[in-house]
Every structure is written in C-alpha cells, then in structure tokens.
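Take a look at the structure set out below.
In the UniProt record's numbering, the protein residues as written are 1 to 291.
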C-alpha cells in the first residue's frame, strides 16, 4: 500500500500519544484515542468518507476488535489507503468478494494483532427476462435501491446475458433481499442470496503491457488503441458514461492524458499510462498496462 501524504512521523507520534492498553477482562480501555484528523483530512478529496473511516479506526483502537467498513468506491479506497496506512498501530486490508472487484470493504485491525477474518460479503442472483430490454449494472443497482437496499450495502454488480445479473452484497442487504420481488422498468425481477462460490464471477484479465504510436496523448486515441475500439465507438462509450478517467466520468475525449493516469471502461477493464515519449517524427510512443 502507498504511504500516507504529509509527515508520517507526526502521524505516528500523534497516535502513540493516545494509545490504550488492552482492556482487562470485563474492564474498559484506560483512555480514548484521538487520531490526527486535521492532518489526515487536509485537502482530502473525500472528506466525509475518510472521516467515517477515522471513526472506525478509533473504534478499533478503543475496543481492540477488528472491524469492516461498508462497501466503498474505488477512489475513496485508494485515498484512504494512502492517507491512513502510515498510522503505526493500524493495518488495513480490502476485499470486494473477488479479485479485481471495484467496490470493496476495508478491514481495520491493530497491526500487532493479525486476524483471519472472513469478509462479510454474500452473493446475489437477480433474475428477470431482459431479452427485449437490455440492462446495465447501474440499472440493477437502481432497482435494488428501489427495493430498500442502501448504497453502502452493495458491492459490484454485473449483467449475465438477458436473464438478469449477479452481485456482491452485505449480510444486511442479503437479509433484506432474500426471496424478494421487485421491478426494473417493465420487467419483474426476483432476488436470491447465494454463496460467492455459486456466482459466475466476471472474467479476470491478466495484466498485459502494450506499446502504440499515436499522433497525440488524447483520451480517445489512447482508449481506442488500448481497448481495441474504433474512435467512434470510444466516443459512444463516453456519451454513455461508460468510460472513466481515474474513476471520474470522462466528459471530453480530446483531453490529454499524463503518465500515471488510468482509464476504466465498463466491462472492458482498465488502462494505465506508463510512459509517453515524443519520437523523432513528432509522434507519441505510448506504453500502456491493460488489466
């Protein structure tokens, strides 16, 4: 995991100053712990989400018990792991139910108390006849919200042909949705809770390094080369909201990319720009990692 921004030693010292000892049987910790919130939240892109994770961390320090977060979007996960991984007494791990999951839960525990904790994640089967009404993962998510499932209880969702979809959910959502019927536009859907091993998980791609030469480092040029799509197809993916840059929706295909940027295309994986070098003919030799 990447290190937190700022002065790691300051974070370590602030944490150590408020550390508690393990509670005696039937007793309570000697004193509460306050993390350096102001430092950790300064210039944060997701301050509310980080604040909730700091609450979770302080709870773990008080109780000496590991705890899982809700399902989190990828941008919040990445920022949290960068900012919080330097807290000397805590360790963080993420799990979304399958390798490559975008929405994950974070496990927080004391660094000196390794844990083997099964992630609180279950599988969900969503059945319906969509032969004449194609759907997207966001359609499934919206339908589950309408049935009462909270956003933080839903992990990744994916479409399975014309018969509906599958997904990963929290135990709370599993209890709510088991056996329930709902509506997705004009189609009735039925939900059943499954073990994760019973799901047909999305195919995992092996990382592949690609090299291409392009006239520019524009999003549409790099997405076309990296994902193997025509420029017009890339434009249609942008208009449909399926292409993202560093997890944020792409609004213009003409935007120039820089080294380290990542493109995510729904159902097609991701691209990371590793290098971009100007050739003698004033074209760009671009190195990509596709996952």
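No residue lacks a Cβ here, since even glycine has one placed at the ideal position from N, Cα and C.
Is residue i helix, strand or coil by DSSP?
i, result
"residue 154", "strand"
"residue 215", "coil"
"residue 277", "strand"
"residue 56", "helix"
"residue 292", "It is not possible to answer for residue 292, since the shown part of the chain is limited to 1 through 291."
"residue 9", "Legend: pLDDT at residue 9 = 38, less than 50; position of this residue unreliable, value from coordinates given subsequently. It is helical."
"residue 30", "Caution is warranted here: a pLDDT of 44 is assigned to residue 30, below 50, making its placement in the model unreliable, and no coordinate value can be reported."
"residue 184", "strand"
"residue 35", "coil"
"residue 142", "helix"
"residue 179", "coil"
"residue 149", "coil"
"residue 282", "coil"
"residue 44", "coil"
Output yes or no for whether 8 Å exceeds the beta carbon distance between residue i and residue j.
i, j, result
"residue 256", "residue 274", "no"
"residue 53", "residue 80", "yes"
"residue 107", "residue 68", "yes"
"residue 50", "residue 40", "yes"
"residue 152", "residue 70", "yes"
"residue 184", "residue 219", "no"
"residue 192", "residue 179", "yes"
"residue 114", "residue 170", "no"
"residue 176", "residue 148", "yes"
"residue 271", "residue 242", "no"
"residue 58", "residue 35", "yes"
"residue 214", "residue 221", "yes"
"residue 205", "residue 253", "no"
"residue 112", "residue 187", "no"
"residue 122", "residue 104", "no"
"residue 189", "residue 97", "no"
Give me whichever residues DSSP pairs with residue i in a beta bridge.
i, result
"residue 127", "164 and 190"
"residue 287", "211 and 275"
"residue 159", "165"
Say yes only if the C-beta of residue i is nearer than 7 Å to one or more non-hydrogen atoms of the ligand GTP, and no if none qualify.
i, result
"residue 263", "Of the ligands one can find in the structure shown there are none, so the ligand GTP has no counterpart to examine."
*Can you find at least 3 beta carbon pairs, one from the stretch 132-143 and one from the stretch 154-168, that sit closer than 8 Å?*
Counting Cβ pairs under 8 Å, three or more are found: they touch.
*May I have a chain-ordered list of the alpha helix (DSSP H) segments no shorter than 4 residues that lie completely inside the stretch 188-269?*
Counting whole runs of 4 or more residues, the stretch 188-269 contains the alpha helix (DSSP H) stretches 219-227 and 231-239.
*Only counting runs of 3 or more residues, tell me where the beta strand (DSSP E) segments fall wholly within the stretch 58-130, in order along the chain.*
Here the runs fully enclosed are 67-72, 90-95, 104-110 and 122-127.
*Three or more C-beta pairs closer than 8 Å, one from the stretch 225-239 and one from the stretch 155-162: is that the case here?*
Verdict: no, contact absent.
*Check whether the stretch 81-95 touches the stretch 122-130, counting contact only when three or more Cβ pairs, one atom from each stretch, lie closer than 8 Å.*
With a cut-off of 8 Å, the stretch 122-130 and the stretch 81-95 do not count as touching, because too few Cβ pairs lie within range.
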